[in-house]
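Okay, so here's the structure we're looking at.
Numbering (my numbering), first residue to last: 3 to 333.
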């Protein structure tokens with residue numbers, strides 16, 4: 003497969019997903035509030051729109067209140083440091099010798115393959131922004147509707163900071179990397195495991211919480227997928243597809259809870275959708291089985307090159323104004 007093909011496919015998917023997140027399907031005519039459930043998004047199983055009430059403006063009904071899912075992030079797991087399905091990571095070649103040198107002897111990245119269940123991978127987390135489109139004021143539901151500020155960053159204790167490095171330093175490095183890649187309206191990098199190499203390879207910031215959870219029998223899990231802690235690259239046992247999805251959740255959770263960089267909740271209320279090597283149906287985080295052929299029309303597939311990308315969806319509630327009907331629901 004040509005190297006450019008995965009990037010093209012993922013970028014095309016991203017454009018499609020962003021459009022689905024903010025654009026309603028066209029309909030012949032407005033059929034009342036109940037009709038919105040079939041109009042907001044043509045992607046079955048992802049947006050899942052539901053009309054839950056009426057919006058009022060100054061005490062006067064002015065639209066409908068809708069609960070639906072929107073895509074808020076892309077997370078990828080890749081075989082080699084610096085690799086990415088989304089595009090080149092120009093900051094990594096100069097940064098890798100230092101950060102990976104500090105992690106030498108802690109295990110190489112082999113990623114998920116077709117033949118082993120001892121999996122390791124690098125992970126990158128990208129957040130999506132609202133995508134304003136001139137002339138369409140009906141873009142009411144977007145990633146910003148799902149924002150929930152993260153708690154301040156934490157080192158996980160002085161011992162963890164000594165081993166893993168200070169969170170503040172990691173945050174600064176990631177912020178510089180994100181700035182180097184920033185393009186308005188495009189995904190924003192909030193976590194690259196290569197720049198958090200010691201922690202990603204050892205889970206050292208989670209060592210104390212994981213031991214405490216084991217001692218009390220209260221280990222947090224990602225539903226039926228496996229343990230959340232320690233949030234690091236290795237997982238022994240899950241098949242490649244499940245490993246990658248679990249690792250993606252761990253990376254988002256780490257970016258939120260440890261670094262304060264991921265602005266969306268990470269829990270089993272969210273949905274995942276495979277974006278590479280194929281586009282799958284959506285499924286709830288932590289739920290098994292994953293969509294599988296022949297039962298699912300859009301199954302989750304094994305990647306022939308060991309690289310995976312996932313779209314993370316969050317539930318939101320937003321208002322669609324009655325004044326938007328003529329513009330947004332015309333034939």
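Glycine included, every Cβ here is placed at the ideal spot set by N, Cα and C.
- Pairing residue 191 with residue 78, the inter-Cα distance amounts to about 11 Å.
- Exposure of residue 185 is indicated by the presence of fewer than 16 other C-beta atoms within 10 angstroms of its C-beta.
- In this structure, the beta-carbon distance from residue 47 to residue 57 does not fall below 8 Å.
- Burial state of residue 120 is exposed, judged by a 10 Å Cβ sphere holding fewer than 16 other Cβ atoms.
- Membership of residue 254 in the alpha helix (DSSP H) is indicated by the continuous run 242-259.
- Short of 6 Å from the beta carbon of residue 201, and not among the five residues preceding or following it, lie these beta carbons of its own chain, in chain order: 166, 207.
- If you check the CB distance, residue 315 and residue 277 do not come in under 8 Å.
- For a cut-off of 8 Å, the C-beta gap from residue 88 to residue 189 is around 7 Å, short enough to register as a contact.
- CA-to-CA, the gap between residue 148 and residue 122 works out to about 30 Å.
- The C-beta distance from residue 285 to residue 274 rounds to 6 Å, short enough to fall under 8 Å.
- Counting C-beta atoms within 10 angstroms of its own C-beta, residue 299 has fewer than 16 neighbours from the protein chains shown and is therefore classed as exposed.
- Here the stretch 254-271 makes contact with the stretch 283-297; the two share three or more CB pairs at distances below 8 Å.
- With a threshold of 16 other beta carbon atoms within 10 Å, residue 59 falls short and is exposed.
- Contact between residue 125 and residue 229 does not hold, since the beta-carbon distance rounds to 16 Å and is not under 8 Å.
- In terms of Cβ geometry, residue 171 and residue 210 do not form a close pair [threshold 8 Å].
- DSSP places residue 216 in the helix class (H, G or I) of the three-state scheme.
- Buried is the label assigned to residue 305, since at least 16 other Cβ atoms lie within 10 Å of its Cβ.
- DSSP lists 63 as the bridge partner or partners of residue 58.
- Distance from the CA atom of residue 203 to the CA atom of residue 233, rounded to whole angstroms, is 9 Å.
- DSSP, read as helix, strand or coil, puts residue 156 in coil.
- Inclusion of residue 179 and residue 197 in the CB contact set at 8 Å is warranted, their separation being smaller than that value.
- For residue 184, DSSP assigns no beta-bridge partner whatsoever.
- Per DSSP, residue 207 is not a residue of any alpha helix (DSSP H), being assigned neither H nor E.
- The bridge partners DSSP lists for residue 322 are 66.
- Note on geometry: alpha-carbon atoms of residue 257 and residue 61 lie some 41 Å from one another.
- When DSSP states are grouped into helix, strand and coil, residue 75 belongs to the strand group.
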